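Okay, structure first, notes after.
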Amino acid sequence: MDRSYEKLDIKEWTAVTVVFLIMAVSLSWLFYDSLIPSIVAIPFFPVFVKITKRIKTRKYSEEITEQFLKCLVSVSTALSAGISPENSFAAATSDMEKLYGSKALIVHELGILNMQTRAGTRLDDALFDFARRVNVPEVYDFAVVFSVAKDKGASFGSVISSCVSIMEQRREAESEARILIRAKQFEQRIMCIIPPGIIAYLRISSGSFISVLYHNPLGIAVMTACLGVFISAVFISEKIGDIRV
473 MDRSYEKLDI
483 KEWTAVTVVF
493 LIMAVSLSWL
503 FYDSLIPSIV
513 AIPFFPVFVK
523 ITKRIKTRKY
533 SEEITEQFLK
543 CLVSVSTALS
553 AGISPENSFA
563 AATSDMEKLY
573 GSKALIVHEL
583 GILNMQTRAG
593 TRLDDALFDF
603 ARRVNVPEVY
613 DFAVVFSVAK
623 DKGASFGSVI
633 SSCVSIMEQR
643 REAESEARIL
653 IRAKQFEQRI
663 MCIIPPGIIA
673 YLRISSGSFI
683 SVLYHNPLGI
693 AVMTACLGVF
703 ISAVFISEKI
713 GDIRV
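Residue numbering for the sequence shown follows our numbering, starting at 473 and increasing by one per position.
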């Protein structure tokens, strides 16, 4: 399975590194009034990268699914005009390029699919390869339906139209559920920001008020517990986003 979409480019690596360093230094200052904990946090950088990749994968999956649905609509239109399935996907590539631009994910993947079919690969095999590359359930489901329809000699036009109708209904239901999930995730993120915000406000406005929590064993223990709760809340917030509907 091709998971190259999970890889980070140089700009993304730079952004992730800078954000991690800013977070590490900020949390060290807030919870410990020292930069030493930020050095201790360095071993957790791979965890931060993993979370970043998971978020990127989630966005990728949503994007490619939406684009693939639009692609099938274009394919269905071409089939209705009497164009062969292989040429219908080639025509859909042009439509997707006009709609999303030449650098869009769907344009890149359809380009590979078209190259395979021109080289003699069966369209259903090329679709399965497409599904393996993008690792999106909707694409694999369509590849299965298309393969069965081809073996049974069914009308590709009616099959794809039915697939588009079902996928649009499911997509609409998923969109409604995703709105609710994102609303809860946004609320959770706000709740995550409030505690550090309060500590930062107290440190800036009334530093002596919470100075007792720094540079002594009891204070360090209390702030470590608070930091642990904060990090757990952040993880829960991101897990909410991983819920698949």
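Glycine residues also receive a C-beta, built at the ideal position from the N, C-alpha and C atoms. Since the structure is predicted, the reported quantities are computational estimates derived from the model, not experimental observations.
Look at the beta carbons and you see the region 588-602 touching the region 556-575: at least three pairs across the two are nearer than 8 Å. Runs of alpha helix (DSSP H) with 4 or more residues, each lying fully within the region 497-533, are found at 508-512, listed in chain order.
Between Thr537 and Glu610, the CB-CB gap stays under 7 Å.
Tyr612: member of the alpha helix (DSSP H) spanning 609-624, first to last residue. For a cut-off of 8 Å, the C-beta gap from Val617 to Val606 is around 16 Å, too long to register as a contact. In the structure shown, Leu480 falls within a coil segment according to DSSP collapsed to helix, strand and coil. A contact is defined here as three or more CB-CB pairs under 8 Å, and the region 494-510 meets this definition with respect to the region 662-675.
Burial of Glu581 is indicated by the presence of at least 16 other C-beta atoms within 10 angstroms of its C-beta.
Counted as a single uninterrupted DSSP element, the alpha helix (DSSP H) harbouring Gly669 occupies residues 628-677.
Under the DSSP assignment, Gly583 falls in the alpha helix (DSSP H) whose first and last residues are 577-590.
Straight across, the Cα-Cα distance linking Ser566 with Glu648 is about 30 Å.
The residue from Pro509, Glu640, Ser548 with its alpha-carbon nearest to that of Ser627 is Ser548. Excluding residues up to 5 positions away in sequence, Phe503 lie with their Cβ nearer than 6 Å to the Cβ of Leu699 in the same chain. Ser552 carries a helical assignment under DSSP once its states are collapsed to helix, strand and coil. The beta carbon of Glu569 lies closer than 6 Å to those of Val579 in the same chain, with the five residues before and after it left out.
Within a 10 Å sphere around the beta-carbon of Ser677 sit fewer than 16 other beta-carbons, which makes this residue exposed. Cβ contact annotation for Ala598 (same chain, cutoff 7 Å, sequence separation greater than five): Leu585, Gln588, Thr589, in chain order.
Taking the Cα positions, Ile662 is about 12 Å away from Phe702. Under a 10 Å Cβ-count criterion, Gly629 is classified as buried, with 16 or more other Cβ atoms of the shown protein chains found around its own Cβ. Considering only Pro668, Arg643, Arg650, the residue with the shortest C-alpha distance to Lys542 is Arg643. For Arg604, the enclosing alpha helix (DSSP H) starts and ends at 595-606. A direct Cα-to-Cα measurement between Tyr686 and Tyr532 gives close to 43 Å. The beta carbon of Gln539 sits closer than 8 Å to those of Met568, Tyr572, Ala576, Leu577, Ile578, all from its chain and outside the five residues before and after it, given in chain order.
The C-alpha of Ile482 lies about 10 Å from the C-alpha of Thr489.
The alpha-carbon separation between Ile508 and Ile514 amounts to approximately 11 Å. Counting only residues of its own chain and dropping the five nearest sequence neighbours on each side, Phe600 has a CB closer than 7 Å to the CB of Ala615.
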